[in-house]
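Working notes, beginning with the structure itself.
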Amino acid sequence: MVRVVRATQTEIEAAVEFLRAGELVAFPTETVYGLGGNASNPAAVRKIFEVKGRPANHPVIVHIDSIRYLHRWVSEVPPLAQQLAERFWPGPLTLVMPRGPNVNDVVTGGQDTIAIRVPAHPMAQQLLTAFGGGIAAPSANRFGRLSPTRAEHVREELGDAVKLVLDGGECQIGLESTIVACLEGRARLLRPGAVTLAQIRGLIGAVDVGAAPGAPRVPGSTPAHYAPVTALEVVPLDRLEELVASHAQAGRKVAVLAMRTPQRAHRNATWINASRRPEAYAHNLYAYLRTLDKVGASRILVQEVPAEERWDAVRDRLSRASASSQTPLPEDGAGGVLP
Ligand code: TXA
Ligand code: MG
């Protein structure tokens, strides 16, 4: 069971003070940990980009505690967004809408739209309510890397660059929010997540999928993203063990994320047996990949997940993680090899 902890009054007050002073605070949400800064303070938002090593033209999500503050950030609330917000907020859904006139360019990457989310995690809610304003927060990882789903991941990723990490235990969902753009009378799914396409279509009808033609490039939509350092490859189950064996022949260590135990012993493999339920798999995915990233393997081999919609968010993150892994295997003796 996931432990959801509430922060003490002292912790929340400290976090709010840091945010008001333009400093960064990491906090848990039910999806992943966010690296938060005052969304109304351009210097604070710039600091987020610096700490993450993220290019300045990539927009961040503004978090608010409820729909009551939405009007401060958008120029209009499209009816489709209103419907989605009423149904799925607070929760793992981010809505892209036309930006309001007072929003700083550094938040939106200069685009005329803005992404808004109302997270459900009690500690995120506590922080947002106490702060009162919007908190700009990307996932609290270095640019292009795995999102943190535990407080210790944030420390690992960012060290002392963040003043305070609120520890809310493990994130329940474990993958970033679903992103839906509601613009010009249409809805478009930009990133799959725990709120599924079927749920969204069930509520509002037609939904386009994928980046809009001619859309500005944004990090969640670049193929290479959410990646471990070790090259990652997605492999069908029927090829998995033969591939592990062929790496063994070449003297290479591999790390495996599968959905069953190996049928024979592989001396060269660190093997994690993940859940066959998409929710449980997603909950653990980034923590497992972090673990496998540290075993000194030359490759992480991930068993292909089912081609069902319930697995869309997981499949999306795996395919992005493998897209940034087009690196050649190390030469024998160059790392990731068997002792
Ligand atoms: O679950 C989440 O969404 C987490 C937690 C912390 O809320 N946040 C998160 O932020 O994943 P980040 O920055 O890692 O990803 C936000 C994505 C980016 O990929 C960006 O492309 C997209 O949101 N985005 C932000 N503003 C946008 C906009 N105006 N139009 C289109 N996409 C936008
Ligand atoms: Mg991110």
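Using numbering that gives the first Met the number 0, the first residue of the sequence shown is number 0, and each one after it goes up by one. Where a beta carbon is used, it is the ideal one built from N, C-alpha and C, also for glycine. What you are looking at is a predicted structure, and each value in this text was computed from that prediction instead of being measured.
Do you know how far the Cα of residue j is from the Cα of residue i?
i: residue 199; j: residue 206; result: 8 Å
i: residue 211; j: residue 178; result: 13 Å
i: residue 73; j: residue 89; result: 18 Å
i: residue 403; j: residue 126; result: Residue 403 lies beyond the range of the chain shown here (0 to 338); nothing can be said about it.
i: residue 187; j: residue 76; result: 15 Å
i: residue 114; j: residue 71; result: 13 Å
i: residue 117; j: residue 132; result: 12 Å
i: residue 216; j: residue 262; result: Residue placement at residue 216 is poorly supported in this model, since its pLDDT is 49, which falls under 50; the coordinates still yield a value, given next. Cα-Cα distance, rounded: 43 Å.
i: residue 279; j: residue 18; result: 33 Å
i: residue 364; j: residue 128; result: Given a span of 0 to 338 for the chain in the structure shown, any question on residue 364 remains unanswerable.
i: residue 175; j: residue 247; result: 35 Å
i: residue 40; j: residue 156; result: 24 Å
i: residue 33; j: residue 139; result: 5 Å
i: residue 97; j: residue 296; result: 45 Å
i: residue 79; j: residue 264; result: 53 Å
i: residue 234; j: residue 300; result: 6 Å
i: residue 21; j: residue 136; result: 13 Å
i: residue 81; j: residue 275; result: 35 Å
i: residue 310; j: residue 185; result: 25 Å
DSSP on residue i, reduced to helix/strand/coil?
i: residue 332; result: No answer about residue 332 holds up, because its pLDDT of 40 lies below 50 and its placement is not dependable.
i: residue 142; result: coil
i: residue 267; result: coil
i: residue 9; result: helix
i: residue 194; result: coil
i: residue 185; result: strand
i: residue 174; result: coil
Opposite residue i in the DSSP bridges: which residues?
i: residue 61; result: 115 and 135
i: residue 272; result: 257
i: residue 101; result: Paired residues: none, contrary to the question.
i: residue 163; result: 24
i: residue 95; result: 114 and 180
i: residue 207; result: 187
i: residue 226; result: 144
Would you call residue i buried or exposed, if buried means 16 or more other Cβ atoms sit within 10 Å of its Cβ?
i: residue 109; result: exposed
i: residue 27; result: buried
i: residue 298; result: buried
i: residue 29; result: buried
i: residue 65; result: exposed
i: residue 1; result: In this prediction, residue 1 scores a pLDDT of 47, lower than 50, which makes its location untrustworthy; the coordinate-derived value is nonetheless stated afterwards. Under this definition residue 1 is an exposed residue.
i: residue 101; result: exposed
i: residue 249; result: exposed
i: residue 51; result: buried
i: residue 105; result: buried
i: residue 321; result: buried
i: residue 35; result: buried
i: residue 245; result: exposed
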